[in-house]
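Visitor:
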Amino acid sequence: MNSDFRWDDLLDDIESDKVVPILGQELIQADYEGRCVSLQRLLAERLADREQVSVTWNPYAELNDAIGACLEKPEVKLAGLYDRVSNLLRSLSPPFPIPRALTQLAEIPPLELFVSLTFDSLMARALNEVRFNGKSITREIEFSLNQSSAAHDEARVPRSSAAPVVFNLFGRAGGKSDFAIHDEDQLEFIHRFVTRDEAPEWLLSELRNSHLLLLGAHFPDWLGRFILRAATRDRLRVASRSYYTAGETATSENALAEFLHRFGRETQISIYAGPAAAFVAELHERWLKRNPATSRRPAARPDGEAVRGGIFISYGRENLNEVERLHAAIVKLGGDAWFDKVELKPGDHWEQKILPQIQRDVRLFLPVFSERTVDRLSAEGYVFREWNEALERKQRIPVRTFIMPIVIDTDYTGDMKRYRPIFDAFPGMQDLHMGYAPGGLPDEELEKMLVDEIRGMRREDSR
């Protein structure tokens with residue numbers, strides 16, 4: 001049935017880093033409580049039960065159907081449904097598992113940029129499990145209608161080789177109505193994305209210069225055409241590129257394929273007729289046959305084991321976005337780095353696990369600061385207790401480098417006057433060699449320093 005699918009062309013394009021997968025809801029499907037179900041269908045059913053509404057289920061837009069049924073009740077307000085969907089997702093017990101199809105995609109190393117059309121974090125979780133032993137390295141970005149300035153600036157930072165990226169085009173479920181739960185939401189997200197100069201330029205550039213792999217993306221024909229046009233630099237009839245699609249056949253997809261065949265004269269389109277998960281399984285098998293070395297996966301970290309690393313990144317929550325990039329860059333250099341993703345609160349976790357690491361196990365301590373850190377000095381924070389603990393231990397390590405402060409402000413010029421309050425509070429840092437990682441990405445000098453330290457740790461371990 002799919003004998004004419006251009007597998008070799010797709011594998012060649014993947015090896016050349018020219019393919020961006022677009023992930024639809026059909027792919028977010030797994031065995032849950034004794035049946036195979038998509039996450040969207042599961043949430044839709046539970047929302048319908050909670051609101052006591054009857055739904056005629058459409059297999060390709062389940063949540064949209066449930067939302068429509070809820071709105072038939074005059075007392076139900078749309079604004080409240082976002083919180084309900086978000087709460088239903090958080091309250092799933094057990095949590096929804098990572099679908100095997102996403103794990104298989106993560107096991108294809110050249111795939112580094114993914115665009116998700118769902119509001120979950122399952123693709124990022126799959127990448128972290130497969131490629132980083134469960135550590136939170138993948139950079140996850142969500143587009144939203146009410147984006148803060150900080151989130152807007154973060155999204156505009158170009159993708160680097162330090163970590164894969166998952167871009168959630170329709171937002172991520174959270175505590176506010178900033179993710180798409182019905183068709184009109186998707187229309188507004190796409191309209192805002194392409195018409196108000198809010199799309200990150202680096203993302204548009206990558207989409208327009210790559211071949212697209214559409215996996216289980218079931219949307220109305222008109223929306224599909226609009227998305228593909230937004231991701232194409234030239235008119236579709238003159239664009240020279242490839243589209244690979246897979247998913248259970250729906251009328252809208254037949255219409256979209258016919259549209260591309262008719263008007264995309266320079267476009268190559270290859271359609272796999274069948275479930276997206278079956279397509280990914282075959283792609284995964286063909287990839288491993290062509291690249292057998294990539295089948296070796298790192299050993300999974302046992303559940304409950306404390307994450308420990310020779311390099312400890314100490315930071316305040318105000319610098320989290322930059323620290324995530326710094327952490328990914330250090331791991332890419334081969335460093336065994338660790339940082340706590342969630343700012344710690346009082347309790348045993350910090351007292352019993354974090355402090356002993358700083359006192360005994362850490363071999364390189366990286367305090368991260370910015371102008372925002374200066375503003376925070378007057379507030380109590382565990383990060384500053386970590387710095388004091390590290391400075392105290394440094395007195396017992398007179399020879400080798402133990403503390404390497406890192407500045408992450410993008411406009412840093414070497415003038416340390418703006419950070420004077422930090423040095424007044426922590427005079428032991430005054431004479432330490434400073435590293436510079438603008439926006440969290442190490443500059444050439446800092447990268448060399450880190451590489452030297454990582455190599456030194458390896459030499460010590462080999463003795």
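Position 6, counted from 1, in the sequence shown is what UniProt numbering calls 6; the numbers after and before it change by one each time, with no gaps.
We treat Cβ as the ideally placed atom computed from N, Cα and C, and that holds for glycine.
Quick caveat: nothing in here was measured; it's all calculated off a predicted structure.
Return the residue from the list R400, E140, L113 and I98 that minimises the CA-CA distance to A126.
Guide: Locating residue 126 in the sequence shown gives position 126, counting from the first residue. For the residues R400, E140, L113 and I98, the minimum Cα distance to A126 belongs to I98.
Visitor: Are the region 411 to 430 and the region 316 to 332 touching, with three or more C-beta to C-beta distances below 8 angstroms?
Guide: Under the Cβ criterion (8 angstroms, minimum of three pairs), the region 411 to 430 does not count as touching the region 316 to 332.
Visitor: From S93, L88 and P21, pick the residue whose C-alpha is nearest to that of E51; which is it?
Guide: As a position in the sequence shown, residue 51 is number 51, starting the count at 1. It is L88 whose Cα lies nearest to the Cα of E51.
Visitor: Give the range of the alpha helix (DSSP H) segment to which R100 is assigned.
Guide: Counting from 1 along the sequence shown, the entry for residue 100 is found at position 100. Unbroken alpha helix (DSSP H) run through R100: R100 to A106.
Visitor: Please classify A106 as buried or exposed, where buried requires at least 16 neighbouring CB atoms within 10 angstroms.
Guide: For the purposes of this step, residue 106 is taken as residue 106 along the sequence shown, with counting starting at 1. Per the 10 Å Cβ criterion, buried.
Visitor: Tell me which residue opens and which closes the beta strand (DSSP E) that D31 is part of.
Guide: Here residue 31 is taken as the residue at index 31 of the sequence shown, counted from 1. Segment Q29 to Y32, the beta strand (DSSP E) holding D31.
Visitor: For P164 and I141, what's the separation of their Cα atoms in angstroms?
Guide: The residue you call residue 164 lines up with position 164 of the sequence shown. The residue you call residue 141 lines up with position 141 of the sequence shown. Rounded to whole angstroms, P164 to I141 spans 11 angstroms at the Cα level.
Visitor: Roughly how many angstroms separate the alpha carbons of Q200 and M123, rounded to a whole number?
Guide: Your numbering for residue 200 matches position 200 in the sequence shown. Your numbering for residue 123 matches position 123 in the sequence shown. A small fix is needed here, since residue 200 is Pro in this sequence, not Gln. A straight-line Cα-Cα distance of about 20 angstroms links P200 and M123.
Visitor: Pull up the distance between the alpha-carbon of R376 and that of L441, whole angstroms please.
Guide: Within the sequence shown, the letter at position 376 stands for residue 376. Within the sequence shown, the letter at position 441 stands for residue 441. Spanning the two alpha carbons is a distance of roughly 23 angstroms.
Visitor: Contact defined as beta carbons within less than 8 angstroms: I believe F119 pairs with F170. What is the distance between those atoms, to the nearest angstrom?
Guide: Here the question's residue 119 lines up with position 119 in the sequence shown. Here the question's residue 170 lines up with position 170 in the sequence shown. Between F170 and F119 the Cβ distance is about 6 angstroms, and since that is below 8 angstroms, they are a contact.
Visitor: Among I408, E371, W287 and V399, which has the Cα closest to the Cα of N321?
Guide: Walking along the sequence shown from the start, residue 321 turns up at place 321. Answer by Cα proximity: I408.
Visitor: What three-state label does DSSP hand H327 in the structure shown?
Guide: Your numbering for residue 327 matches position 327 in the sequence shown. DSSP places H327 in helix when its eight states are reduced to three.
Visitor: As a quick exercise: from I403, E447, P438 and A437, pick the residue whose alpha carbon is nearest that of M429.
Guide: Taking the sequence shown and counting its residues from 1, one reaches residue 429 at position 429. The shortest Cα separation from M429 among I403, E447, P438 and A437 belongs to I403.
Visitor: Which residues does DSSP list as the beta-bridge partners of H211?
Guide: Indexing the sequence shown from 1 puts residue 211 at position 211. Note: H211 sits in a beta bridge opposite V19.
Visitor: Since Y244 and I181 are thought to touch, with beta carbons under 8 angstroms apart, how far apart are those beta carbons, to the nearest angstrom?
Guide: Within the sequence shown, the letter at position 244 stands for residue 244. Within the sequence shown, the letter at position 181 stands for residue 181. Their Cβ separation, rounded to whole angstroms, is 28 angstroms, which puts Y244 and I181 out of contact at 8 angstroms.
Visitor: Given that a residue counts as buried once 16 or more other Cβ atoms are within 10 Å of its Cβ, and exposed if not, what is Q395?
Guide: Counting from 1 along the sequence shown, the entry for residue 395 is found at position 395. By the neighbour-count rule (16 or more Cβ atoms within 10 Å), Q395 is not buried but exposed.
Visitor: Please work out which residues of its chain come closer than 7 angstroms, Cβ to Cβ, to H349, disregarding the five sequence neighbours upstream and downstream, and give them in chain order.
Guide: Numbered from 1 along the sequence shown, position 349 holds the residue referred to as residue 349. Low confidence applies to H349: its pLDDT is 49, below 50, so where it sits in the model is not reliable, and the reading given next is rough at best. Excluding the 5 residues flanking it on each side, H349 has no same chain C-beta neighbour closer than 7 angstroms.
Visitor: Under 8 angstroms between the Cβ atoms of A337 and G24?
Guide: On the sequence shown, position 337 is the one that residue 337 refers to. On the sequence shown, position 24 is the one that residue 24 refers to. Not in contact: A337 and G24 (Cβ atoms no closer than 8 angstroms).
Visitor: For M457 and F312, I'd like the C-alpha separation in whole angstroms.
Guide: Numbered from 1 along the sequence shown, position 457 holds the residue referred to as residue 457. Numbered from 1 along the sequence shown, position 312 holds the residue referred to as residue 312. Taking the straight line joining both Cα atoms gives about 13 angstroms.
Visitor: Can you round the beta-carbon distance between L39 and I28 to whole angstroms, since I take them to be within the 8 angstroms contact cut?
Guide: Sequence index remark: in the sequence shown, residue 39 carries index 39 (1-based). Sequence index remark: in the sequence shown, residue 28 carries index 28 (1-based). Right, their Cβ atoms sit about 5 angstroms apart.
Visitor: Measure how close the beta-carbons of R212 and V20 come, nearest whole angstrom, since I'm counting them as under 8 angstroms.
Guide: Within the sequence shown, numbered from 1, the residue matching residue 212 stands at position 212. Within the sequence shown, numbered from 1, the residue matching residue 20 stands at position 20. In the sequence under discussion, the amino acid at residue 212 is Leu, which differs from the Arg named in the question. Contact flag correct, Cβ pair sits at about 6 angstroms.
Visitor: Cβ of A44 within 8 angstroms of Cβ of E72?
Guide: Within the sequence shown, numbered from 1, the residue matching residue 44 stands at position 44. Within the sequence shown, numbered from 1, the residue matching residue 72 stands at position 72. No, Cβ-Cβ distance for A44 and E72 is not below 8 angstroms.
Visitor: Please check the pair N319 and S270, which I expect to be a contact at CB under 8 angstroms, by giving their CB distance rounded to whole angstroms.
Guide: Within the sequence shown, the letter at position 319 stands for residue 319. Within the sequence shown, the letter at position 270 stands for residue 270. About 45 angstroms; that fails the 8 angstroms criterion.
Visitor: Taking the alpha helix (DSSP H) that S160 falls in, what are its first and last residues?
Guide: The count along the sequence shown starts at 1 and reaches residue 160 at position 160. It is not in any alpha helix (DSSP H) - S160 carries neither H nor E in the DSSP assignment.
Visitor: Please state whether DSSP places residue 464 in a helix, a strand or coil.
Guide: Shown here, the chain extends from 1 to 463; a query on residue 464 therefore has no answer.
Visitor: I need the boundaries of the beta strand (DSSP E) containing T245, first residue and last residue.
Guide: The count along the sequence shown starts at 1 and reaches residue 245 at position 245. First-last of the beta strand (DSSP E) with T245: S242 to G247.
Visitor: Of the choices F365, R400 and F132, whose alpha-carbon is the least far from that of F384?
Guide: Counted from its first residue, the sequence shown places residue 384 at position 384. Per the Cα distances, F365.
Visitor: Which word fits R360, buried or exposed, when buried means at least 16 other C-beta atoms lie within 10 angstroms of its C-beta?
Guide: Here residue 360 refers to the residue found at position 360 when the sequence shown is read from its first residue. R360 comes out exposed.
Visitor: Specify, as a first and last residue, the run of the alpha helix (DSSP H) that Q40 falls within.
Guide: As a working mapping, residue 40 is identified with position 40 in the sequence shown. First-last of the alpha helix (DSSP H) with Q40: L39 to E51.
Visitor: According to the neighbour-count rule (16 or more other Cβ atoms, all chains shown, within 10 Å of its Cβ), is E305 buried or exposed?
Guide: Counting from one through the sequence shown, the residue named residue 305 turns up at place 305. Only weak support exists for where E305 lies, its pLDDT of 34 falling under 50; the value from the coordinates is given anyway. The residue is exposed, with fewer than 16 neighbouring Cβ atoms inside 10 Å.
Visitor: Output the distance between the C-alpha atoms of G414 and L42, rounded to the nearest integer angstrom.
Guide: Taking the sequence shown and counting its residues from 1, one reaches residue 414 at position 414. Taking the sequence shown and counting its residues from 1, one reaches residue 42 at position 42. G414 and L42 have their C-alpha atoms some 54 angstroms from each other.
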